[in-house]
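J.: Please read through the structure below; I'll follow up with questions.
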Ligand SMILES: Cc1ncc(COP(=O)(O)O)c(C=O)c1O
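In our numbering, the protein residues as written are 6 to 373.
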């Protein structure tokens, strides 16, 4: 008998498990008559700020808008350089380009696949002028060394943005991701560790000025109703229904992250010599993805597929090789990034993966 295919992700399971809470949240919104920026929206902002350990959370329409507004708030404008990594799905690149800024890529650390102080310093040394901002992406759910990066950047007057779209809930002894840089962003895209039933995003900051700035930009540049006083205004709001659903799900985020780490821990026991997991379970890693590197990626993925296990690649095309028609990336040494794009693959990872499925993935990894 052939076994059922194990999906890469199955959002229906998490939604079913919390169906009562989600239905109650939706019913509350329908009865309230508030559909955009009402009490659920404001309560979510307070609850997110508390969760992250920051002063302000500002809801927006998605994680890419969050990055764009965060960059604009720290002063990025047309022609500025923004340093980031090229292995993180091009979201920061897209946001920077929307402002007319030029992304410049620093290489990644070969162990963590994240920006490090060393890779950042190497990139800064090659630039003709200091960038206006640095975007640090906590990729795959693991915290990058953002505190040390902030120290380095601030010495040179460069702003730092943390992208927590894959890392909500990751923390170290000093605090949670999202509380370290000048401003931080996240996405509530449905597959994220805290996912809406649609699009959503948020911006975190301890600065009253930056919070005011992004609040104005998310709603037409209004300083007050119908009174535009801020550049770069647009409409990027989180609707009340998504806010209520996210409030229902937030109390379960830590348990979901623990379960993800537990599944990742199982995989850690099984990986063969030639295929290595990028991360190890710890509090500073919320296992958004379980990513391996292998010199024989295609053959390994085929073997896993034959064993009924779905895999994916995050991400196959680094940003500097994307086909942006209006932007050619500055040539930078990106050997590790190039290697990673050829070597990484991801195996199923979501909290509702059953024990049987986890063991099947583990066994298949063990026999690669
Ligand atoms: C690291 C990272 N940053 C930003 C985003 C963009 O978020 P969104 O899809 O909500 O625009 C995503 C995911 O989609 C992401 O994984």
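Every residue, glycine too, gets a C-beta built ideally from N, C-alpha and C.
Here the structure is a predicted model, which means the values were calculated and not measured.
Suppose contacts are defined by Cβ-Cβ distances below 8 Å. Is residue 76 in contact with residue 106 by that definition?
T.: For the purposes of this step, residue 76 is identified with residue 71 of the chain shown, where counting begins at 1. For the purposes of this step, residue 106 is identified with residue 101 of the chain shown, where counting begins at 1. Their beta carbons are under 8 Å apart, which means residue 76 touches residue 106 by this criterion.
J.: How about residue 67: is its Cβ closer than 7 Å to a heavy atom in ligand 1?
T.: As a working mapping, residue 67 is identified with position 62 in the chain shown. Indeed, a heavy atom of ligand 1 lies less than 7 Å from the Cβ.
J.: Does the distance from the C-beta atom of residue 56 to that of residue 293 stay below 8 Å?
T.: For the purposes of this step, residue 56 is identified with residue 51 of the chain shown, where counting begins at 1. For the purposes of this step, residue 293 is identified with residue 288 of the chain shown, where counting begins at 1. No, they are not a contact pair.
J.: What are the start and end residues of the alpha helix (DSSP H) that includes residue 352?
T.: Reading the chain shown from its first residue, position 347 is the one you call residue 352. Run containing residue 352: none in the alpha helix (DSSP H); it sits in the beta strand (DSSP E), 349–352.
J.: Tell me whether residue 340 is buried or exposed, calling it buried when 16 or more other Cβ atoms sit within 10 Å of its Cβ.
T.: Against the chain shown, residue 340 aligns to sequence position 335. Exposed: under 16 other Cβ atoms inside 10 Å.
J.: If you follow the alpha helix (DSSP H) that residue 271 is part of, which residue opens it and which one closes it?
T.: Within the chain shown, residue 271 is the residue found at index 266, counting from 1. Start and end: 258–273.
J.: The alpha helix (DSSP H) spanning residue 27 covers which residue range?
T.: Locating residue 27 in the chain shown gives position 22, where the first residue counts as 1. Note, residue 27: alpha helix (DSSP H), 24–37.
J.: Please confirm whether residue 248 and residue 31 have their CB atoms less than 8 Å apart.
T.: Mapped onto the chain shown, residue 248 falls at position 243. Mapped onto the chain shown, residue 31 falls at position 26. For residue 248 and residue 31, no; Cβs fall outside 8 Å.
J.: From residue 80 to residue 117, what does the alpha carbon distance come to, in whole angstroms?
T.: The count along the chain shown starts at 1 and reaches residue 80 at position 75. The count along the chain shown starts at 1 and reaches residue 117 at position 112. Their Cα atoms are separated by approximately 30 Å.
J.: Have a look at 148, 109 and 256 and flag the residue whose alpha-carbon is nearest the alpha-carbon of residue 135.
T.: Residue mapping note: residue 135 aligns to position 130 of the chain shown, counting from 1. Residue 109 is the option with its Cα nearest to residue 135.
J.: If I follow the unbroken beta strand (DSSP E) through residue 228, where does it start and stop?
T.: Against the chain shown, residue 228 aligns to sequence position 223. Segment 227–229, the beta strand (DSSP E) holding residue 228.
J.: In whole angstroms, give me the CA-to-CA distance for residue 45 and residue 257.
T.: Taking the first residue of the chain shown as 1, we reach residue 45 at position 40. Taking the first residue of the chain shown as 1, we reach residue 257 at position 252. Approximately 17 Å, taken between the alpha carbons.
J.: Under 8 Å, with one C-beta from each stretch per pair, do the region 214–224 and the region 56–74 reach the 3-pair mark?
T.: Judged by Cβ distances under 8 Å, the region 214–224 makes contact with the region 56–74, as three or more pairs qualify.
J.: In chain order, what residues of the same chain lie with their CB nearer than 8 Å to the CB of residue 189, ignoring the 5 residues before and after it?
T.: Counting from 1 along the chain shown, the entry for residue 189 is found at position 184. Cβ within range, chain order: 57, 59, 75, 166, 167, 168, 169, 182, 183, 208, 209 and 210.
J.: Within a Cβ cutoff of 8 Å, which residues of the same chain sit near residue 151, ignoring the five residues on either side of it in sequence?
T.: Taking the chain shown and counting its residues from 1, one reaches residue 151 at position 146. Taken in chain order, the residues that qualify are 141, 143, 165, 167, 182, 185 and 186.
J.: Could you tell me the boundaries of the beta strand (DSSP E) in which residue 164 lies?
T.: Locating residue 164 in the chain shown gives position 159, where the first residue counts as 1. Element bounds for residue 164: 164–168.
J.: Would you kindly report the start and end of the unbroken alpha helix (DSSP H) that includes residue 159?
T.: Looking up residue 159 in the chain shown gives position 154. That run of the alpha helix (DSSP H) goes 151–160.
J.: Are the beta-carbon atoms of residue 147 and residue 175 separated by less than 8 Å?
T.: Looking up residue 147 in the chain shown gives position 142. Looking up residue 175 in the chain shown gives position 170. In this structure, residue 175 lies closer than 8 Å to residue 147 by Cβ.
J.: Compute the minimum distance between the beta carbon of residue 351 and the heavy atoms of ligand 2, and state whether it is under 7 Å.
T.: Ligands displayed in this structure: ligand 1; ligand 2 is not among them.
J.: Given residue 298, which residues of its chain have a CB within under 6 Å of its CB, disregarding the five upstream and five downstream residues?
T.: Residue mapping note: residue 298 aligns to position 293 of the chain shown, counting from 1. Answer for residue 298: 281, 348 and 349, listed in chain order.
J.: Heavy atom of ligand 1 less than 7 Å from the Cβ of residue 179, yes or no?
T.: Within the chain shown, residue 179 is the residue found at index 174, counting from 1. No, the beta carbon of residue 179 sits no closer than 7 Å to any heavy atom of ligand 1.
J.: Secondary structure at residue 325, three-state DSSP: helix, strand or coil?
T.: Walking along the chain shown from the start, residue 325 turns up at place 320. Note: residue 325 maps to helix in three-state DSSP.
J.: Considering only the beta carbon of each residue, do residue 64 and residue 342 sit closer than 8 Å?
T.: In the chain shown, counting from the first residue as 1, residue 64 sits at position 59. In the chain shown, counting from the first residue as 1, residue 342 sits at position 337. It is not a contact, given that the beta carbons lie outside the stated cut-off.
J.: Identify which residue in 357, 373, 371 and 36 has its Cα closest to the Cα of residue 12.
T.: Taking the chain shown and counting its residues from 1, the one referred to as residue 12 is at position 7. Answer by Cα proximity: 357.
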